[in-house]
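Mapping of the sequence shown onto numbering that gives the first Met the number 0: residues 0 to 408, in sequence order.
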Amino acid sequence: MSVLVQKFGGTSVADKECMERVLVRVQRALEQGHKVVVVLSAMAGETNRLLTMAKEWSDRPDPAEMDVLVSTGEQTSIALFTMLCKDSGVKARSLLGHQAPITTDCAFGKARILTIDHERINTLLEHNDVLVVAGFQGADCNDRITTLGRGGSDTTAVAIAAAVKAKECEIYTDVDGVYTTDPNICSKARKRNFITYDEMLETASMGAKVLQIRSVEFAKKYNVPVHVRSTFSDSPGTLVTKEDKRMEAVMVSGIALDKDQARFTLQGVMDRPGIAAAIYTPLAEAGVVVDMIIQNTSREGVTDMTFTAQRQDLEKTLEILEKVKQEVGATDLHYDTNVCKVSVIGVGMRHHSGVAATAFNALKDENINILLISTSEIKITCLIEEKYTELAVRTLHDTFELDKGPYGG
Ligand code: ASP
Ligand code: MG
Numbered sequence: 000m001s002v003l004v005q006k007f008g009g010t011s012v013a014d015k016e017c018m019e020r021v022l023v024r025v026q027r028a029l030e031q032g033h034k035v036v037v038v039l040s041a042m043a044g045e046t047n048r049l050l051t052m053a054k055e056w057s058d059r060p061d062p063a064e065m066d067v068l069v070s071t072g073e074q075t076s077i078a079l080f081t082m083l084c085k086d087s088g089v090k091a092r093s094l095l096g097h098q099a100p101i102t103t104d105c106a107f108g109k110a111r112i113l114t115i116d117h118e119r120i121n122t123l124l125e126h127n128d129v130l131v132v133a134g135f136q137g138a139d140c141n142d143r144i145t146t147l148g149r150g151g152s153d154t155t156a157v158a159i160a161a162a163v164k165a166k167e168c169e170i171y172t173d174v175d176g177v178y179t180t181d182p183n184i185c186s187k188a189r190k191r192n193f194i195t196y197d198e199m200l201e202t203a204s205m206g207a208k209v210l211q212i213r214s215v216e217f218a219k220k221y222n223v224p225v226h227v228r229s230t231f232s233d234s235p236g237t238l239v240t241k242e243d244k245r246m247e248a249v250m251v252s253g254i255a256l257d258k259d260q261a262r263f264t265l266q267g268v269m270d271r272p273g274i275a276a277a278i279y280t281p282l283a284e285a286g287v288v289v290d291m292i293i294q295n296t297s298r299e300g301v302t303d304m305t306f307t308a309q310r311q312d313l314e315k316t317l318e319i320l321e322k323v324k325q326e327v328g329a330t331d332l333h334y335d336t337n338v339c340k341v342s343v344i345g346v347g348m349r350h351h352s353g354v355a356a357t358a359f360n361a362l363k364d365e366n367i368n369i370l371l372i373s374t375s376e377i378k379i380t381c382l383i384e385e386k387y388t389e390l391a392v393r394t395l396h397d398t399f400e401l402d403k404g405p406y407g408g
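If you want it as structure tokens, here you go:
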């Protein structure tokens with residue numbers, strides 16, 4: 000039995016006309032001899048509507064009931080789509096997360112999938128041609144409904160594809176693939192044919208919203224080929240896949256940016272064991288995601304500690320830093336929200352040198368000052384003043400000639 004998983008996002012199931020378009024895609028896959036697991040998001044705007052509604056009812060909505068509420072968006076879309084399937088003679092049935100069953104931990108609002116019963120899904124597929132599964136939801140070991148975090152239907156789809164060993168997981172969305180950079184910022188951005196799991200993880204961690212980051216982690220772990228493509232066109236999209244020689248030959252494959260950033264500096268902290276732990280433990284406990292961390296070399300036993308975090312956590316972060324300031328002996332605390340992270344990404348960097356120098360020179364030529372630098376095996380990130388974001392992205396895109404096809408390949 001050849002199984003294909005097809006996931007459709009909110010804009011792809013926004014109304015009846017959209018769902019009819021989805022049905023055509025599903026029928027095409029059936030004609031090619033596949034059984035199809037269709038994973039659906041809530042209709043466009045519905046999850047936001049439900050979240051707003053909860054806030055109107057309660058100042059602090061109960062997290063478990065919140066998940067019961069927001070998961071209804073997907074329940075509506077799978078029921079309506081299964082009706083359309085049946086009306087056109089397709090043997091289909093709907094499945095809520097807990098009916099699949101998809102078992103998760105009990106972290107309401109951001110639950111992680113623990114298991115999926117592939118035997119039950121396979122048995123149901125023997126009796127049906129199409130299973131229409133609600134994305135974004137599961138149930139914990141106490142039978143409470145859980146949701147997987149915003150964009151979680153991607154993770155449902157990839158996890159099911161891994162569980163049933165599907166040929167591929169197709170993610171249908173309103174963009175036609177993954178680009179070399181944000182096309183809204185750089186008109187020369189080019190759609191990529193391939194991207195490796197690691198590059199996609201780095202891109203998603205920079206705030207790109209094409210795929211939920213956890214879905215990429217899942218795909219990497221179970222080696223599921225993920226094909227990101229448009230519901231609204233027939234052009235091939237971008238295949239997210241494991242690394243091969245072709246990709247290693249490419250030094251730089253994309254430029255990512257993240258504007259949701261703030262920089263924090265504690266000045267004059269004591270340079271002794273336990274200081275970093277004293278600063279970063281309360282931040283971690285409060286759920287603040289800290290990214291670039293720079294500790295200066297010390298002079299006369301004191302040093303400066305600088306890091307970046309998401310701008311949405313600004314108040315929480317400042318509150319914590321005010322508290323630890325005394326404990327670590329800091330003389331000053333300052334922060335800056337007019338910053339942006341720009342990254343040069345490519346698995347080929349593992350095998351080539353000089354990428355960082357090329358990037359720094361390109362920024363220098365445009366007189367763009369670099370505030371902080373951090374690197375990984377496949378990424379060089381510079382924090383710059385926010386007003387230079389567009390210029391930096393376009394300059395780096397041009398420097399690595401990403402419009403002409405992969406650089407160095
Ligand atoms: N409906 C959920 C959301 O809007 C899940 C998803 O669409 O992937 O985040
Ligand atoms: Mg999405």
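By construction, the Cβ of each residue, glycine as well, lies at the ideal position given by its N, Cα and C atoms.
Work out the CA separation of residue 343 and residue 380 for me, nearest whole Å.
Sequence index remark: in the sequence shown, residue 380 carries index 381 (1-based). Sequence index remark: in the sequence shown, residue 343 carries index 344 (1-based). Residue 380 and residue 343: Cα-Cα distance of roughly 7 Å.
Whose CB is closer than 5 Å to a heavy atom of ligand 2? List the residues in chain order.
The answer, residue by residue, is 8 and 150.
Verify whether the separation of the beta carbon atoms of residue 177 and residue 117 is less than 7 Å.
Start at 1 with the first residue of the sequence shown, and residue 177 comes out as number 178. Start at 1 with the first residue of the sequence shown, and residue 117 comes out as number 118. For residue 177 and residue 117, no; Cβs fall outside 7 Å.
Examine ligand 1 and report whether any of its heavy atoms sits within less than 6 Å of the Cβ of residue 486.
Not covered by the structure: residue 486. The range shown for the chain is 0 to 408.
Have a look at the DSSP bridge pairing and note the partners of residue 92.
Residue 92 sits at position 93 when you count from the first residue of the sequence shown. According to DSSP, residue 92 shares a beta bridge with 130.
I'd like the list of long-range same chain contacts for residue 190, defined as Cβ closer than 7 Å, with 5 residues on each side in sequence excluded.
Sequence index remark: in the sequence shown, residue 190 carries index 191 (1-based). Same-chain partners within the cutoff: 175, 176, 178 and 237.
Please find out if some non-hydrogen atom of ligand 1 comes closer than 6 Å to the beta-carbon of residue 217.
For the purposes of this step, residue 217 is taken as residue 218 along the sequence shown, with counting starting at 1. No, since every heavy atom of ligand 1 falls outside the 6 Å radius drawn around the Cβ of residue 217.
Grab the span of the alpha helix (DSSP H) containing residue 253 for me, first residue to last.
Mapped onto the sequence shown, residue 253 falls at position 254. Element bounds for residue 253: not the alpha helix (DSSP H) but the beta strand (DSSP E), 253-269.
From residue 354 to residue 373, what distance separates their C-alpha atoms?
As a working mapping, residue 354 is identified with position 355 in the sequence shown. As a working mapping, residue 373 is identified with position 374 in the sequence shown. Each residue's Cα considered, the two are about 13 Å apart.
Report the CB separation of residue 40 from residue 8 in whole angstroms; it is logged as a contact under 8 Å.
The residue you call residue 40 lines up with position 41 of the sequence shown. The residue you call residue 8 lines up with position 9 of the sequence shown. About 5 Å; that satisfies the 8 Å criterion.
Would the C-beta of residue 70 count as close to ligand 1, meaning under 6 Å from any of its heavy atoms?
Reading the sequence shown from its first residue, position 71 is the one you call residue 70. False, no ligand heavy atom lies under 6 Å from that Cβ.
So is the beta-carbon of residue 152 under 6 Å away from any non-hydrogen atom of ligand 1?
Here residue 152 refers to the residue found at position 153 when the sequence shown is read from its first residue. Under cutoff, so the answer is yes.
Please specify which runs of the alpha helix (DSSP H), each continuous and at least 4 residues long, are wholly inside the stretch 328-376, giving them in chain order.
354-364
Identify the residues that DSSP records as bridge partners of residue 169: which are they?
As a first step, residue 169 must be located in the sequence shown, where it is residue number 170. Paired residues: 5 and 226.
Assign residue 386 to buried or exposed, taking buried as 16 or more other Cβ atoms, counted over all protein chains shown, within 10 Å of its Cβ.
Taking the sequence shown and counting its residues from 1, the one referred to as residue 386 is at position 387. It is exposed - the Cβ of residue 386 has fewer than 16 other Cβ atoms within 10 Å.
Using a Cβ-Cβ cut-off of 6 Å (strictly less than) and excluding sequence neighbours within five positions of residue 305, which residues of its own chain qualify?
Locating residue 305 in the sequence shown gives position 306, where the first residue counts as 1. Counting only Cβ-Cβ distances below 6 Å, and skipping sequence neighbours, we find 264 and 293.
When you compare only the Cα positions, how much space is there between residue 129 and residue 226?
As a working note, residue 129 is residue 130 in the sequence shown. As a working note, residue 226 is residue 227 in the sequence shown. Near 19 Å, if we compare the C-alpha coordinates of residue 226 and residue 129.
My parser needs the beta strand (DSSP E) runs of 3 or more residues fully inside the stretch 286-320; what are they?
289-294 and 301-309
Would you identify the three-state DSSP class for residue 248, choosing helix, strand or coil?
Position 249 of the sequence shown holds residue 248. Residue 248 falls in the coil class under three-state DSSP.
Note down, in chain order, each residue of its chain lying with its Cβ closer than 6 Å to the Cβ of residue 324, except the 5 sequence neighbours on either side.
Reading the sequence shown from its first residue, position 325 is the one you call residue 324. Excluding positions up to five away in sequence, the list reads 332.
Under the rule that 16 or more other beta-carbon atoms within 10 Å means buried, what is residue 76, buried or exposed?
Indexing the sequence shown from 1 puts residue 76 at position 77. Answer is buried; the Cβ neighbour count reaches 16.
For residue 254 and residue 155, I'd like the C-alpha separation in whole angstroms.
In the sequence shown, the residue the question calls residue 254 occupies position 255. In the sequence shown, the residue the question calls residue 155 occupies position 156. The straight-line gap from Cα to Cα measures roughly 28 Å.
Is the Cβ-Cβ distance between residue 301 and residue 273 less than 7 Å?
As a first step, residue 301 is located in the sequence shown; it is residue number 302 there, counting from the start. As a first step, residue 273 is located in the sequence shown; it is residue number 274 there, counting from the start. Cβ distance not < 7 Å, so residue 301 and residue 273 don't count as in contact.
Using the DSSP secondary-structure output, state which residues sit across from residue 178 in a beta bridge.
Numbered from its first residue, the sequence shown carries residue 178 at position 179. DSSP output for residue 178 lists 190 as bridge partner(s).
Please report how far the alpha carbon of residue 350 lies from the alpha carbon of residue 250, in whole angstroms.
On the sequence shown, position 351 is the one that residue 350 refers to. On the sequence shown, position 251 is the one that residue 250 refers to. Roughly 8 Å between the two C-alpha positions.
I need the boundaries of the beta strand (DSSP E) containing residue 136, first residue and last residue.
As a first step, residue 136 must be located in the sequence shown, where it is residue number 137. Element bounds for residue 136: 136-138.
To the nearest angstrom, how far is it from the Cα of residue 142 to the Cα of residue 99?
Working through the sequence shown from its first residue, we reach residue 142 at position 143. Working through the sequence shown from its first residue, we reach residue 99 at position 100. Cα to Cα, the separation comes out at about 13 Å.
May I ask you to report which of helix, strand or coil DSSP gives residue 23?
Within the sequence shown, the letter at position 24 stands for residue 23. In the structure shown, residue 23 sits in a helix (DSSP, three-state: H, G or I).
Please work out which residues of its chain come closer than 6 Å, Cβ to Cβ, to residue 312, disregarding the five sequence neighbours upstream and downstream, and give them in chain order.
Here residue 312 is taken as the residue at index 313 of the sequence shown, counted from 1. Counting only Cβ-Cβ distances below 6 Å, and skipping sequence neighbours, we find 287.
Determine the DSSP secondary structure at residue 17, reduced to helix, strand or coil.
The residue labelled residue 17 in the question sits at position 18 within the sequence shown. Correct three-state label for residue 17: helix.
Drop a sphere of 10 angstroms on the beta-carbon of residue 31, count the other beta-carbons inside from all chains shown, and report buried for 16 or more, exposed for fewer.
Translated into the one-based positions of the sequence shown, residue 31 becomes position 32. Residue 31 should be labelled exposed.
Confirm, please, whether the CB-CB distance from residue 239 to residue 199 is below 7 Å.
For the purposes of this step, residue 199 is taken as residue 200 along the sequence shown, with counting starting at 1. For the purposes of this step, residue 239 is taken as residue 240 along the sequence shown, with counting starting at 1. The answer is yes: Cβ separation under 7 Å.
Opposite residue 39 in the DSSP bridges: which residues?
Sequence index remark: in the sequence shown, residue 39 carries index 40 (1-based). According to DSSP, which records beta bridges pairwise, residue 39 is partnered with 7 and 133.
According to DSSP, simplified to helix, strand and coil, what is residue 109?
Residue 109 sits at position 110 when you count from the first residue of the sequence shown. Three-state DSSP puts residue 109 in coil, outside helix and strand.
Taking one C-beta from the stretch 143-150 and one from the stretch 103-118 each time, how about it: are there three or more such pairs within less than 8 Å?
Yes: the two stretches touch, three or more of their Cβ pairs being nearer than 8 Å.
When burial is assigned at 16 or more other CB atoms within 10 Å of the CB, is residue 185 buried or exposed?
Translated into positions along the sequence shown, residue 185 becomes position 186. Residue 185 should be labelled buried.
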